[in-house]
Every structure is written in C-alpha cells, then in structure tokens.
Amino acid sequence: MLTVVGWTAVRAGQAPPEAFDILIRGARVLDGTGNPWYRADVGVRGNRIAAVGSLDQAEAATIVDAKDRYVTPGFIDVHSHAGPGLLTGPLRHGQPVLAQGITTVFVNPDGGGPVDLRTQRAAYEKQGIGPNVGLFVPHGSIRQQVMGMSDRDPDASEVAKMAELARQGMLAGALGLSSGLYYAPGSYSKTAEVVAIAKATAPFGGVYSSHIRDEADYTVGVVAAVDEVIAVAEQAGVIGVVSHMKALGPGSWGLSKTLVEHIEAARARGVQVFADHYAYEASGTGIVGALMPRSAQVGGRDAMMKRIRGELREEIREAVKTNIARRGGADTLMVSRYAADPSFEGQRLSELAARAGVPPDEYALQMLEKGDASLVSFNMSEDDIEHIMRQPWTMTCTDGDLVPMGQGKPHPRAYGAFPRKLKRYVRERGAIGLADAIRTMTSLPATVFGLKDRGQIRAGAYADLLIFDLDQVNDAATFQDPHQLAEGMTDILVNGRWTRRDGQFTATLAGRVLVPERR
772 MLTVVGWTAV
782 RAGQAPPEAF
792 DILIRGARVL
802 DGTGNPWYRA
812 DVGVRGNRIA
822 AVGSLDQAEA
832 ATIVDAKDRY
842 VTPGFIDVHS
852 HAGPGLLTGP
862 LRHGQPVLAQ
872 GITTVFVNPD
882 GGGPVDLRTQ
892 RAAYEKQGIG
902 PNVGLFVPHG
912 SIRQQVMGMS
922 DRDPDASEVA
932 KMAELARQGM
942 LAGALGLSSG
952 LYYAPGSYSK
962 TAEVVAIAKA
972 TAPFGGVYSS
982 HIRDEADYTV
992 GVVAAVDEVI
1002 AVAEQAGVIG
1012 VVSHMKALGP
1022 GSWGLSKTLV
1032 EHIEAARARG
1042 VQVFADHYAY
1052 EASGTGIVGA
1062 LMPRSAQVGG
1072 RDAMMKRIRG
1082 ELREEIREAV
1092 KTNIARRGGA
1102 DTLMVSRYAA
1112 DPSFEGQRLS
1122 ELAARAGVPP
1132 DEYALQMLEK
1142 GDASLVSFNM
1152 SEDDIEHIMR
1162 QPWTMTCTDG
1172 DLVPMGQGKP
1182 HPRAYGAFPR
1192 KLKRYVRERG
1202 AIGLADAIRT
1212 MTSLPATVFG
1222 LKDRGQIRAG
1232 AYADLLIFDL
1242 DQVNDAATFQ
1252 DPHQLAEGMT
1262 DILVNGRWTR
1272 RDGQFTATLA
1282 GRVLVPERR
C-alpha cells in the first residue's frame, strides 16, 4: 500500500505530457551527421524539431507511425537548374524535386541566372514555392551585363563594377558566387578576374561553386581546371566547390584519382575545397556548350551564326568534329530537347546524321542553324563516378532542370539523382554506406554553405524531414522516358508542414528563400 501511495503522489506531481504538432513514432533515425541509424521518436512543433528520443508519453495533433522506416533530414541539392521552373505557376510546387526527397535547392548555378537577386528573391517569396531555395550570384550573367559577350580582359573599372554587383547579390542573401568557366562568356575570364569577384563575397562567408573550365581535354584539361578552383578559393579566402565533378570522355577516364589527390593536398594545407556530383554515366548540356568552340561564340548567337554560315564554317566544323570525338563519338550523343523538330528527341546524333547522309559534325551545325538543342552525352566511367562519390568532402546534386511533364526528354537526373544514389550505389552496389550517403545530402551541404539548423535531426533544427523505406526508393526516370517521379519518399515535411503525406502531394507551399547565417 505504501508503495502504491508513493507512486500515486509522484504521478500527481508530474508535469503534463509534452505536446507536439507532429509526432513521428518508431523511426530509424539517420540524423544526417554520418552516425548509424538509431531508433527514436521525433516531435515537431511549428517549423522546428522540438525533441528527439523516447517520447512514449507525448501527445500530438498528428501522430505518424514510421513503422521502423528511416527518418532523415530533407535533402539539399547544391546545384540545381530548377530556379526558372519554380517561378512558373504549374511548377512552383516542385514535385519532381520533392519526390526525390529534396527539400532545398540551390539555384543560379554555372554562372547563369538573374543579376538582380533582390527581385528574384521577392518573386519566390510573393508566389510561394514547394522546396526551400538558396541563391547564387551568377558570375557569367554579371560579366555579360558589364562586358557583353566580349572575350577581352576587363579593365579596372569593369572589375570594380562586377565585384560590386557580386557584393549586392550577397547583401540580397546569396550563398556565394557561381561560375561556368566552361561556358561563354565565363570562359573568356582569366583566373585573376574570378578571384577579384570572389573576394567581394568573402566578407559574407561566400562559397565559390564552379562548373570548371574543362571537364575533359577541351582546353586546359580537367586537372588544371580543378586546380583553378583551388587557386580561387585560396586567393580569395572563400570556400571552393568543384561542381558536378567528373572526368568526361574516354581520354580523361581514370583522372578522378589525380583530382582527388589535388583536392586532398589543398585541404591538407588548409584550403577549404569540396565537390559535388550526380551519379550518372551521362552528362547533359546544350549543343553549343558541348560542341561549339568558344571562339565562335564571341559577340553572341547572331555573331556565331554569321561565322557558321560564312567563311569560318569549315574551321568551326573541324572543331565540332574534334569535340564529338572527345565525348566518345556521335553515338554517345542523344538529343534531349529540340524545339525545331521534337521528333529528334531521344535519337542519337549518329543515327540522325546517317539518315541524312552527312557527317555528324556537319549535321550538328545544320541542327544548330535551325535552333538550339540539348544533348545527353554518355561519357563517364563507373570507376570515376564511385571514386569521386566516396570522398568525404563530396556532396550530392542533380544539375537538373524543372520542366513541364512530357516536354522533351531531359536528363533523368532532374527526376532521379538522389534516389538513384540510394538505390544503385547504396543498396545495390554498396559503393557507399547509407549513413554516409545521407550525410552528403544533408549536413555536409548545410555546413559548407552556412545553413544553420538545417541538414540535421536534432532539437532546434528546422523540420525538413523525410520518411522512407530504403527498399522502396527508386529512380523511375530513364533516358528514354525521363518524366517519371521518383518513388519511395512517402512523407515529406518542409519547415514543419506536410508537402507529401502517405505518398500523396499536398497543395502546401512551405518553402522559403534561405540565407546563410554565418555572415
């Protein structure tokens, strides 16, 4: 009797049970840090995680039985072309993004996108968006605004103007500077120019993310191009990211080992250098970016077309022929989008040229004369993909567009990059462990880009959360049928609000424009 009375007295004096808006019970928690999973409950209150642990006595407006599935932080895509699509009404929810488990995308990559980030940010905030968005200051767009499509070096006043535009972008909330030194007009820049502009982002804790000058052996070579990112990071005093790192084309296969060695050496001497990647053997870009020499693009598209149709045609055609060979031949190039003739989409350049009875290089120019085309280029080796993936400083990205369902045959990475890594390289091949893979998608990018309280499951962090069964995760999108949403991410929270519940999307637009908090 005494024991019962004492127990009753303690119960009577206890505080009421904790109350949450959402309580996820019985989860295998992968907290994003790289720790192995542990079994716990997760309580969400408002837009934050309020508690993680044994919450058996807690109450909640919504209780979800995880049924021993994984609960992870929402994924962060550090290199996305979804920016323009998210500003269109039908696509603003970002279902192809969210279905992959991506709750945050970084836009304006490769040095492209609007210079005026305040207006871009205001547009997202006014209309509402499904995933969170982080903004890059686009070097190429800034250069084009100040210098047009000129291939000359800037003078001191022009450098000052570009640096000021970068500074204004950082004041508007940018993550850092993106460049596309492989593409015109960024390709016309020398390293010193990029360093000067990157320095303008340094006081804000800026990150320099670069589509490097050469991913193969077009110009300086992929090794020298990675070294350039290291040099910019070191000289400008910023974090450097080699974006969608790869060794492109048979002539560069195996160089991933050298690239890793160079990054490791830089990190050993104190330079903050990272990389990101997507887990596909094919890349994707425009026909101009893939095949046209940059010298032909000086002055813009009209000037380029005059050269193609004039006395430089043969010289340009020879350069195109060389570039086709660099990528492994015309049979490795598939047309993914071509507004001039959509029937070309899904066909190889070799097939189209053979049918027309002309060499592939000549046919590529004929296509370009009718309109721009996008290509998928099958040009990477599995050994390089896995070696890059396994590095502790490599993050995950899509490099994917956000386009209307059924429009063209875009690279399937736009629909499946993150699930593909989990399915093919974690579950099937064992190339990387699950906890490490999740870290590359969550806490690592949040740390690199200074997103406080993102990318982890812990009390106080924002409630960007996923629930999934690893065995059900699937990248349904294929190269011939890419418009297929990824499968397996059944439940998705963005800032504490359901954007997907029991496999069904909601109408909620819970995304925010994220600003780094280390400045």
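In terms of this note's numbering, the sequence shown opens at residue 772 and continues consecutively. The beta-carbon is built from N, C-alpha and C at its ideal position, and this holds for glycine as well.
By the Cβ criterion, the region 842 to 859 is in contact with the region 898 to 915, since at least three pairs of Cβ atoms, one from each stretch, lie closer than 8 Å.
The beta carbons of Arg984 and Ala973 sit no closer together than 7 Å. Ranking Asp848, Thr833, Gly805 and Leu801 by CA distance to the CA of Arg816 puts Thr833 first. With fewer than 16 neighbouring CB atoms inside 10 Å of its own CB, Arg1040 falls in the exposed class. Judged by DSSP in its simplified three-state form, Tyr959 adopts helix.
Three or more Cβ pairs drawn from the region 823 to 843 and the region 790 to 810 lie within less than 8 Å of each other, which places the two stretches in contact. Take Val1147, set aside five residues on each side of it, and the residues of its chain with a beta-carbon closer than 7 Å to its own are Ala1053, Gly1055, Met1105, Ser1107, His1182 and Phe1250, in chain order.
The beta carbons of Gly951 and Gly944 sit no closer together than 7 Å. Spatial neighbours of Val991 in its own chain (CB-CB distance under 8 Å, excluding positions within 5 residues in sequence) are listed in chain order as Arg984, Asp985 and Glu999.
Annotation: the continuous beta strand (DSSP E) that includes Ile1263 extends over Met1260 to Val1265. Excluding its 5 nearest sequence neighbours in each direction, Ser960 has C-beta neighbours in its own chain below 7 Å: Arg914 and Leu952, listed in chain order.
Out of Glu1153, Glu1086, Pro1163 and Met1160, the CA that lies nearest to the CA of Asp1132 is found in Glu1086. Taken through DSSP and simplified to helix, strand or coil, Ile847 comes out as strand. In summary, Arg1072 is exposed, with fewer than 16 beta-carbon neighbours lying within 10 Å of its beta-carbon over all protein chains present. In the DSSP assignment, Ile1159 falls within the alpha helix (DSSP H) that extends over Glu1153 to Met1160. Contact between the region 1208 to 1224 and the region 885 to 892 is absent, with fewer than three C-beta pairs closer than 8 Å.
It is roughly 18 Å from the alpha-carbon of Asp1170 to the alpha-carbon of Asp1252.
Nearest Cα to Gln1137 within the set Tyr1109, Thr1093 and Ser1152: Tyr1109.
Just measuring C-alpha positions, the residue of Thr1103, Val904 and Ile1228 sitting nearest Leu801 is Ile1228. Classified as buried, Leu1139 has 16 or more neighbouring CB atoms from the shown chains inside 10 Å of its CB. Per the C-alpha coordinates, the member of Arg1038, Ala1281, Ala798 and Val868 positioned closest to Phe846 is Val868.
Cβ-Cβ distances below 6 Å link Glu1258 to Asn1245 and Ala1247 in the same chain, with the five nearest sequence neighbours on each side left out; the list follows chain order. Comparing alpha-carbon positions, the option among Lys932, Met1076 and Val1265 lying closest to Leu1237 turns out to be Val1265. Residue environment for Ala1135: buried (at least 16 other C-beta atoms within 10 angstroms of its C-beta). Within the same chain, and ignoring the five residues on either side of Arg1191 in sequence, the residues whose Cβ sits closer than 6 Å to its Cβ are Ala1050 and Asp1246. Here the alpha carbons of Gly797 and Val993 stand approximately 47 Å from one another.
Burial check for Asp1262: the Cβ neighbour count within 10 Å reaches 16 or more, so the residue is buried.
Within the same chain, Cβ atoms closer than 7 Å to the Cβ of Ala1111 are found at Lys1141 and Gly1142, the five residues on either side in sequence being excluded.
Contact annotation: Thr1103 and Asn1150 have beta-carbon atoms nearer than 7 Å. Taken through DSSP and simplified to helix, strand or coil, His1033 comes out as helix.
Between Asp836 and Tyr954 the beta-carbon gap is near 49 Å, outside 8 Å, which marks them as no contact. A straight line joining the alpha-carbon of Tyr979 with that of Ala1127 spans about 44 Å. Runs of the alpha helix (DSSP H) lying entirely within the region 1193 to 1247 and spanning at least 4 residues, in chain order: 1205 to 1212 and 1214 to 1219. Gly803 is positioned such that its CB atom lies no closer than 7 Å to that of Gly1231. Taking each of Val1009, Ala987, Ser1014 and Glu1035 in turn and checking the Cα distance to Gly1020, the smallest one comes out for Ala987.
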